[in-house]
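Novice:
Numbering (full-length UniProt numbering), first residue to last: 1 to 402.
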């Protein structure tokens, strides 16, 4: 998952140092396609705390790599408009953040910004939104043009904005409250410190508890799911089951057509988007944890992690019927699933041993996969391309190996 906060080179941030003047601070490795065309690979060493690119351990399917900040409390890499943005903490400090953006195809760096303590990160419709912690339970959200890094607007809200989501021209930000902002200019449409059903506490931050579509914004917590009206922030419906064994929802409520899918503990539940009533519920057993969803025409793929060492540590992708939740197939991994990301093209699953796998169905057929040099990484994706930001400070752009 993760979080952010941007301090652009802008007078209102009180920041004057031009880090573009620091030669080599971030250098993207030339694209894999270019390397194949020229027969020459260019690898750079990170400085100022960033590790060198481990060329001798390049994963299969690597398009390019670059030195980036260590993820820290940030979200996984986010993508929009042919740009991937990755953030982290500068110099190992919790109070200093940095965000760097690259062209997804070439790996060429587009821009970078420094700021204070990171909170949330999300990207949509050609804009990257980042949050920066302020005082007294507030945060400052800034919107940047994904291609140029130009700041479009900034706005202060009365919550920490650790989790953010975008839908229908609105940016929603939550943690200790929920705010709705116009994406066009950052003006605040409404703010809610709490509703009777929840206080919007983000535990699985960032991005694991908040989702939105054109009809509602959905917040998942330890007790279930609450649907909030995008018009005024009041409750549309709430789903509060008698048994929901989790400290926080492991997967944000995922709206797909007229159904809201939610994962918590070892269960997946399908809710009616109109009123929050149960359609079906599928349990995966004791010790299971739901890590992500991917929808096809008639199926729901569910990435599940079982971590009950020493004998039962593994991960699974289940293919369920979207209609009734019944199991169709399963695909087993040797290590627990630790992250999963869905695009319109594929489901990308990462496991604790550093394996990244692409799949569109949990059948017994072989699936493209690659191995990273570390098991600690955040995962983003666009189309069939995956972006893995390692705990050592390397961003890998990956395509399914042939």
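The beta carbon of each residue, even a glycine, is placed where N, CA and C say it ideally should be.
1) Are the CB atoms of residue 101 and residue 84 nearer to each other than 8 Å?
2) Sort out for me which residues DSSP pairs residue 369 with in a bridge.
3) I'd like the list of long-range same chain contacts for residue 383, defined as Cβ closer than 7 Å, with 5 residues on each side in sequence excluded.
4) In angstroms, rounded to a whole number, what distance separates the CA positions of residue 314 and residue 153?
5) Should residue 271 go down as buried or exposed, given a rule of 16 or more other Cβ atoms within 10 Å for buried?
6) Given a threshold of 16 other Cβ atoms within 10 Å of its Cβ, counted over all protein chains shown, does residue 366 qualify as buried or as exposed?
7) Note down the Cα distance separating residue 322 from residue 200, rounded to an integer number of angstroms.
8) If you draw a straight line from the alpha carbon of residue 303 to that of residue 325, how long is it in whole angstroms?
9) Looking only at DSSP bridge pairs, what is residue 342 linked to?
10) At a cut of 8 Å, does the region 254 to 261 reach the region 280 to 287 through at least three beta carbon pairs?
11) Using the three-state DSSP reduction, which class does residue 90 fall into: helix, strand or coil?
12) Out of 132, 391, 295, 358, state which residue places its alpha-carbon closest to the alpha-carbon of residue 118.
13) DSSP state of residue 147, grouped into three classes?
14) Who are the Cβ neighbours of residue 236 in its own chain at under 7 Å, not counting the five residues just before and after it?
15) Take the Cβ of residue 79 as the centre, count every other Cβ of all protein chains shown within 10 Å, and call the residue buried at 16 or more, exposed below.
16) Between the C-alpha atoms of residue 222 and residue 390, what's the straight-line distance to the nearest angstrom?
17) Could you check if residue 407 is buried or exposed, using at least 16 other CB atoms within 10 Å of its CB as the buried criterion?
18) Closer than 6 Å by C-beta to residue 185: which residues in its own chain qualify, once you throw out the five before and the five after it? Chain order, please.
19) Could you tell me the alpha carbon to alpha carbon distance between residue 330 and residue 146, rounded to whole angstroms?
20) Are the Cβ atoms of residue 398 and residue 63 separated by less than 8 Å?
21) Classify residue 152 as helix, strand or coil using the three-state DSSP reduction.
22) Which whole runs of the beta strand (DSSP E) in the region 229 to 289 are 3 residues long or more, in chain order?
23) Would residue 148 be called buried (16 or more neighbouring beta carbons within 10 Å of its own) or exposed?
24) Quick one: using the 10 Å Cβ neighbour count with 16 as the cut-off for buried, is residue 168 buried or exposed?
25) Residue 105: buried (16+ other C-beta within 10 angstroms of its C-beta) or exposed?
26) List the endpoints of the continuous beta strand (DSSP E) containing residue 122.
27) Could you check the C-alpha separation between residue 115 and residue 328 for me, to the nearest Å?
28) Going by DSSP in three states, residue 140 sits in which element: helix, strand or coil?
Specialist: Taking the definition as stated:
1) Yes. Within cutoff.
2) The partner list for residue 369 (beta bridge, DSSP) reads 357.
3) Result list for residue 383: 343, 345, in chain order.
4) In this structure, the CA atom of residue 314 is about 45 Å from the CA atom of residue 153.
5) The residue in question, residue 271, is buried, as its Cβ has 16 or more Cβ neighbours within 10 Å.
6) Looking at its Cβ environment, which holds fewer than 16 other Cβ atoms inside 10 Å, residue 366 is exposed.
7) The alpha-carbon atoms of residue 322 and residue 200 are separated by roughly 29 Å.
8) Note on geometry: alpha-carbon atoms of residue 303 and residue 325 lie some 14 Å from one another.
9) Residue pairing of residue 342 in beta bridges, as defined by DSSP: 347.
10) Judged by Cβ distances under 8 Å, the region 254 to 261 makes no contact with the region 280 to 287, as fewer than three pairs qualify.
11) When DSSP states are grouped into helix, strand and coil, residue 90 belongs to the helix group.
12) When C-alpha distances from residue 118 are compared across 132, 391, 295, 358, the shortest belongs to 132.
13) Residue state, collapsed to three classes: coil.
14) Once the five neighbours on either side are set aside, the close Cβ partners of residue 236 are 216, 227, 228, 229.
15) Buried: at least 16 other Cβ atoms inside 10 Å.
16) Taking the straight line from one Cα to the other gives about 29 Å.
17) In the structure as shown, the chain begins at 1 and stops at 402. Residue 407 is therefore absent and cannot be evaluated.
18) Excluding sequence neighbours, residue 185 sits near 153.
19) Their Cα atoms are separated by approximately 38 Å.
20) In this structure, residue 63 lies closer than 8 Å to residue 398 by Cβ.
21) Strand, per DSSP.
22) The region 229 to 289 contains these whole beta strand (DSSP E) runs: 235 to 239, 251 to 256, 259 to 264, 267 to 272, 278 to 283.
23) Burial check for residue 148: the Cβ neighbour count within 10 Å stays below 16, so the residue is exposed.
24) In the assembly as shown, residue 168 is an exposed residue. Its beta-carbon has fewer than 16 other beta-carbons within 10 Å.
25) Exposed, because fewer than 16 other Cβ atoms sit within 10 Å of the Cβ of residue 105.
26) For residue 122, the enclosing beta strand (DSSP E) stretches over residues 118 to 124.
27) Approximately 47 Å between the Cα atoms of the pair.
28) Reduced to three states, the DSSP call for residue 140 is strand.
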